[in-house]
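Read through the structure below, which is laid out as structure tokens, and then see the notes.
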Amino acid sequence: SAFSQTSGFGIGATVGSTLDFSLKYWTSESTAIQAAAGLDFWGYGGFHASGDFLFHLWGWSAGQDQMKVYLGPGMGFGVYSGYAENFGMSLRATSGVGYYFHNIPLELIADLVPTFGIFGPWGGFDPWVDFYLGARWYF
Numbered sequence: 001s002a003f004s005q006t007s008g009f010g011i012g013a014t015v016g017s018t019l020d021f022s023l024k025y026w027t028s029e030s031t032a033i034q035a036a037a038g039l040d041f042w043g044y045g046g047f048h049a050s051g052d053f054l055f056h057l058w059g060w061s062a063g064q065d066q067m068k069v070y071l072g073p074g075m076g077f078g079v080y081s082g083y084a085e086n087f088g089m090s091l092r093a094t095s096g097v098g099y100y101f102h103n104i105p106l107e108l109i110a111d112l113v114p115t116f117g118i119f120g121p122w123g124g125f126d127p128w129v130d131f132y133l134g135a136r137w138y139f
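For the sequence shown, position 67 (counting from the first letter as 1) is numbered 67 according to my numbering, and the numbering increases by one without interruption.
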């Protein structure tokens with residue numbers, strides 16, 4: 001059911017390293033595809049998009065609600081203005097925790113995303129860590 005958040009389609013937003021519109025689609029009870037697109041106000045400025053394949057590996061109950069830890073690989077892309085290299089691409093290793101309410105189809109998320117820039121305005125190979133807080137409503 002949508003209330004268990006192990007199926008369905010979620011739409012929401014995240015704030016942190018960037019301000020994003022967020023989507024999540026469950027492909028099984030323990031795997032999901034997560035995508036985000038938005039604006040980078042705090043880094044290089046511009047538009048960015050990312051996609052991750054998530055494995056929900058651990059979970060526990062919090063009363064009748066659930067928390068799940070997830071990990072997964074992904075990629076990021078960005079378009080920036082005012083730089084010699086206006087397009088950027090990165091590899092991501094998303095890790096996070098989701099809080100799932102038993103009585104409403106809502107997920108609260110916190111993601112920590114080690115990222116390795118392949119090329120872009122940062123000048124080539126460059127590691128950094130992104131952080132996001134957000135929420136998604138499930139249908």
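Virtual Cβ for every residue (Gly too), placed ideally from N, Cα, C.
By a beta-carbon distance limit of 8 Å, glycine 120 does not contact arginine 92. Their separation comes to about 13 Å. Taking C-beta separations shorter than 6 Å and ignoring five residues to either side along the sequence, the partners of tryptophan 58 in its chain run Val69, following chain order. In chain order, Tyr25 and Phe139 place their CB closer than 6 Å to the CB of phenylalanine 9, counting only its own chain and leaving out the 5 sequence neighbours on each side. Within its own chain, the residues whose Cβ lies closer than 7 Å to the Cβ of leucine 112, once the five positions on either side in sequence are excluded, are Ser95, Gly96, Val129 and Phe131, listed in chain order. Inter-residue distance for glutamate 85 and valine 79 is about 9 Å (C-alpha atoms, whole angstroms).
The alpha-carbon separation between tryptophan 122 and serine 90 amounts to approximately 11 Å.
In this model, alanine 110 and histidine 102 are separated by some 18 Å (Cα to Cα). Of Gly63, Ile104, Gly12 and Pro127, the smallest CA-CA separation from phenylalanine 116 is found for Pro127. In chain order, Tyr99 place their CB closer than 8 Å to the CB of alanine 62, counting only its own chain and leaving out the 5 sequence neighbours on each side. No Cβ-Cβ contact shorter than 7 Å links aspartate 20 with alanine 35.
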